[in-house]
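Worksheet: the structure to be examined is printed underneath.
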Amino acid sequence: MENINENSRPSGIELLRTLCGIFGPCGNEERVRDKIADILKDSGIASEKDRIGNLFVKIPGGGEGYDPENPVKIMISAHMDEVGFMVRDIDADGYIRFICVGGIDPCVLCGKRVVFMGAEGEVKGVIASKAIHHKTAEERTTAVKIENMYVDIGAEDYEDASRWLAVGDYGRFDSEFVRFGINDAFIKAPAIDDRLGCAVIIETLKRLASEGKKLPFDLIAGFTVREEIGKSGAGMAARRFLPDYSVVLESTAVADLPDVKPNSRVAAAGGGGVISLLDRSTIYDADLVSAALELGEKKGIPVQIKKYLSGGNDAGSIHKSAYGTACLAISAPSRYIHSAANVICAEDYFSIRELVYAILTEHSFKK
Amino acid sequence: MYSLIKQIVCCPGTSGSEGATAELLSDIMKDRSDEIYRDRLGNLICRKKGRSENARRVLLCAHMDEIGFIATYIENSGLIRIAPIGGINFTASSYSEVIFENGVAGVLVPDSGVAAGSFAADVFGVDIGASSAAEASRRVKIGDRCAMRQTVRRLGGGRICGRPLDDRVGCAILAEIAEKLAGTETEDDIYYVFSVQEEVGLRGAGPAAFGIRPDVALVYDVTGTGDTAGAKPMEVKLGGGAAIKLRDSSVICNPGLADELAKIGKEKGIKTQFEILRAGGTDTAAIQASASGCIAGAISIPCRFIHSGVETVDLADVKACVDLTVAYLTK
Chain A
1 MENINENSRP SGIELLRTLC GIFGPCGNEE RVRDKIADIL KDSGIASEKD RIGNLFVKIP
61 GGGEGYDPEN PVKIMISAHM DEVGFMVRDI DADGYIRFIC VGGIDPCVLC GKRVVFMGAE
121 GEVKGVIASK AIHHKTAEER TTAVKIENMY VDIGAEDYED ASRWLAVGDY GRFDSEFVRF
181 GINDAFIKAP AIDDRLGCAV IIETLKRLAS EGKKLPFDLI AGFTVREEIG KSGAGMAARR
241 FLPDYSVVLE STAVADLPDV KPNSRVAAAG GGGVISLLDR STIYDADLVS AALELGEKKG
301 IPVQIKKYLS GGNDAGSIHK SAYGTACLAI SAPSRYIHSA ANVICAEDYF SIRELVYAIL
361 TEHSFKK
Chain B
1001 MYSLIKQIVC CPGTSGSEGA TAELLSDIMK DRSDEIYRDR LGNLICRKKG RSENARRVLL
1061 CAHMDEIGFI ATYIENSGLI RIAPIGGINF TASSYSEVIF ENGVAGVLVP DSGVAAGSFA
1121 ADVFGVDIGA SSAAEASRRV KIGDRCAMRQ TVRRLGGGRI CGRPLDDRVG CAILAEIAEK
1181 LAGTETEDDI YYVFSVQEEV GLRGAGPAAF GIRPDVALVY DVTGTGDTAG AKPMEVKLGG
1241 GAAIKLRDSS VICNPGLADE LAKIGKEKGI KTQFEILRAG GTDTAAIQAS ASGCIAGAIS
1301 IPCRFIHSGV ETVDLADVKA CVDLTVAYLT K
């Protein structure tokens, strides 16, 4: 594969490790945002924050083909938030009842480690439910409901638990970043959705800055908030900058798994960035879709089409905001999305990074 | 009017792929408007300038897109798996002829042994007569779109039947209004908007309205009727005239505008009926709430068997929609 700077590979994975390790459930993106701003600042890239909490980097265009009077505007975005939990109630025995923030399948919860952010700092716990010998015959054959689960933080009683946590405090999966598989080809971590997109944008901005490259359009890089509960941050970003084109970096559940019929397998891990034709919230711009597929082929960057209609992402609110925006989504093919163990093939990270760079530097965007 | 409808109906254009329909309408509208352009999402916007600089802006909207299917996977057998675009009723679509945009014909069929009650996208495929994946993929690629055959025929009593009457009949009404107003000077700045992506969730019209900032908007789309066997109670009937929408599940129309339209209908002897649609939304909702909002209403075309291959409307109702609008804009 041309264009990949082999030296930059370890640092790319390290960046992903750093971002996946940060606490940032929907509405609590500040730690992620601060870290991204710091990383960018270290490379001399200034960023700014809006009222809802989105972070932006604006890179004015220039050089050949740039029209300063009426510049083409392109937004590339990824969301900073992750699915998580919120304290709903603390019972007399000090157990934490909770709700999910964003879409989480209750089946992936029991027995998982979680970490909440209380007023005094991190509080670790485990999600549990009634033991099997206490369950009725019916309960043994059905999934445990969230309302019947609790988080055990090791508190003695209500008073004890209340010293650490309060109703409304947020939590996330407490899960490590692990390389596994042959040649460490795979990565398991929490929040790959969508810290991977954030990492790709950071690396792209740094690369453009280090090469001193002027693009023939104004580029807005957006790190957005609140995607997992209804995509509100990105729509505001689009209305603020009114981009002509928007590239959304996401994660998509791939389902290249046993028990899934071939025609229901969205895409395959290791197959490169996933280009969506349409999903439940957006019909993507046909020209951008072809351009991405053609660039992938031309440059030998793996890329695949999403083969099943499912999900949605920030493009859903971006494409119909204000005057409307032509959108492209490039998703990381991820297994077990919205669980403690998002799994991706590391090679897909690099494929997406190269594809994004190729689109920005080689595709001709018309006003 | 029938030949205009036929011409517009027989053009493919599933949501997000309205290019051919836009081209046809653009051609039809070029002598009937002062300015024509397409916006970023593909909405076709045709403007007829008003008498003065500060004329009231009136937006008339009908959607170009039709429901259909997109190829997502090709089985070893050559069967093409599909995903729905828009609100597909698989019972109404099963065992139908479908046509891809490149002209390849096929039939949409359920997997054998699947009961009608379990019909869903996952158990449907398009058989294009290929006997292997290789053969099929020479003719159809992943991402290619198809729809049930676009066709229209006359039934008795001035009624017509086919698909997609939803909403090409609305497009034809806009074109006819434009034809009638083309020679005359109007007070208002009129924007004929042929919108995209209505069937997937009213996605195109809002951005079009954001760019136009209308004072008043009227939407022309089909609505259900209560006059078929077993139909749920509903006032609207085929042949009952232009249906002035009061509300549907997406919007509450401006009551003053609805009353004004009804009054004009009465004065001019144009048949109208009030419409309350309990299940279904229209671009009216997206336009009403776009930017800082506008006075929005809809003049609906009563239609039986919506989203099937045999959508049925009465040409007298279509004419009433045209006449009512022309009367409103020239009063």
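So the protein lines, in turn, are chains A and B. FYI, in our numbering the residues of the first sequence are 1 to 367. FYI, in our numbering the residues of the second sequence are 1001 to 1331. Heads up, the beta-carbon is just placed ideally off N, CA and C, and yes, glycines get one too. Everything numeric in this text was worked out from a predicted model, so none of it was measured.
Residue i - DSSP class collapsed to helix/strand/coil
i	result
B:Val1326	helix
B:Thr1186	coil
A:Leu328	strand
B:Arg1159	strand
A:Asp152	strand
B:Lys1049	coil
B:Arg1154	strand
B:Glu946	Absent from the structure is residue 946 of chain B, since the part of chain B shown begins at 1001 and ends at 1331.
A:Ala128	strand
A:Pro262	helix
B:Lys1266	helix
B:Glu1179	helix
A:Ser321	coil
A:Thr252	strand
A:Met236	helix
B:Leu1025	helix
B:His1063	strand
B:Arg1081	strand
A:Thr141	helix
A:Cys345	strand
B:Ile1142	coil
B:Leu1246	strand
A:Thr18	helix
A:Leu257	coil
Neighbourhood of residue i by C-beta, 6 Å cutoff - its chain only, sequence neighbours within 5 removed
i	result
B:Ile1190	Lys1048, Val1058
B:Phe1274	Ile1244, Leu1246
B:Asp1334	Within the shown structure, residues of chain B are numbered from 1001 to 1331, placing residue 1334 of chain B beyond reach of any answer.
B:Glu1101	Pro1012, Arg1145
A:Lys49	Leu55
B:Arg1051	Glu1185, Glu1187
A:Tyr66	Pro216
B:Glu1199	Ser1015, Asp1065, Ile1067, Gly1086
B:Arg1154	Ile1160
Proximal chain B residues relative to residue i, where beta-carbon distance stays under 9 Å
i	result
A:Ile330	Simply none; closest approach about 15 Å.
A:Ala286	Gly1016, Ser1017, Gly1019, Gly1143
Interface partners of residue i on chain B, CB under 8 Å
i	result
A:Leu257	Neighbours of A:Leu257 on chain B: none; closest Cβ ~16 Å, over 8 Å.
A:Lys307	Thr1072, Tyr1073, Ile1142
A:Ile220	Under the 8 Å cutoff, chain B gives no residues; its nearest Cβ is about 16 Å from A:Ile220.
Where residue i meets chain A, residues with beta-carbon distance less than 7 Å
i	result
B:Ser1033	None at all; the shortest Cβ gap to chain A is about 20 Å.
B:Gln1197	Ile283
B:Gly1016	Leu278, Ile283
B:Val1200	Ile283
B:Arg956	Only positions 1001 to 1331 of chain B appear in this structure, which leaves residue 956 of chain B out of reach.
Cβ separation of residue i and residue j, assumed to be a contact under 8 Å, to the nearest whole Å
i	j	result
A:Ile275	A:Val254	About 13 Å; that fails the 8 Å criterion.
A:Val83	A:Gly102	3 Å
B:Lys1331	B:Ile1270	That pair is no contact at about 12 Å.
A:Ala267	A:Thr252	7 Å
Per-residue contacts from residue i into chain A (C-beta, under 8 Å)
i	result
B:Arg1040	Asp244, Tyr323, Gly324, Thr325, Ala326
B:Arg1047	None at all; the shortest Cβ gap to chain A is about 16 Å.
Closer than 7 Å at the beta carbon, the chain B residues around residue i
i	result
A:Ser264	Asp1122
Residues near residue i by beta carbon distance below 7 Å, same chain, minus five either side
i	result
B:Met1234	Gly1224, Thr1225, Gly1226
A:Phe241	Lys73, Met75, Ile220
A:Glu362	Leu295
B:Arg1009	The sequence shown places Val at residue 1009 of chain B, rather than the Arg named in the question. Taken in chain order, the residues that qualify are Gln1150, Val1152, Gly1162, Pro1164, Leu1165, Arg1168.
B:Ser1300	Asp1221, Val1222, Thr1223, Ala1243, Lys1245, Glu1275
Interface residues of chain A facing residue i [CB-CB closer than 9 Å]
i	result
B:Pro1207	His319, Lys320, Ser321, Ala322, Tyr323, Gly324, Thr325
B:Val1193	What B:Val1193 touches in chain A: nothing, since even the nearest Cβ is about 12 Å away.
B:Ala1147	Under the 9 Å cutoff, chain A gives no residues; its nearest Cβ is about 15 Å from B:Ala1147.
B:Ala1136	Within 9 Å Cβ-Cβ: nothing; B:Ala1136 doesn't reach chain A, min ~13 Å.
Chain-order list of residues whose beta-carbon lies under 8 Å from that of residue i (same chain, five-residue window excluded)
i	result
B:Ile1212	Ile1045, Arg1057, Leu1059, Tyr1191, Val1193
B:Tyr1073	Ile1080, Arg1081, Ile1142
B:Asn1043	Val1193, Phe1194, Ser1195, Val1196, Gly1204, Ala1205, Pro1207, Ala1208
Any non-hydrogen atom of the ligand SAM closer than 7 Å to residue i Cβ
i	result
B:Arg1032	As for the ligand SAM, it is missing from this structure, which has no ligand bound.
Taking only beta carbons into account, state which residues of the segment 1209–1221 of chain B come closer than 7 Å to chain A, listed in chain order.
Phe1210, Gly1211
For the segment 97–113 of chain A, which residues have a beta carbon sitting closer than 7 Å to at least one beta carbon of chain B?
none
Compile a chain-ordered list of the residues in the segment 161–194 of chain A whose CB is closer than 9 Å to at least one CB of chain B.
none
Please list, in chain order, the residues of the segment 1048–1066 of chain B that have any C-beta partner in chain A closer than 9 Å.
none
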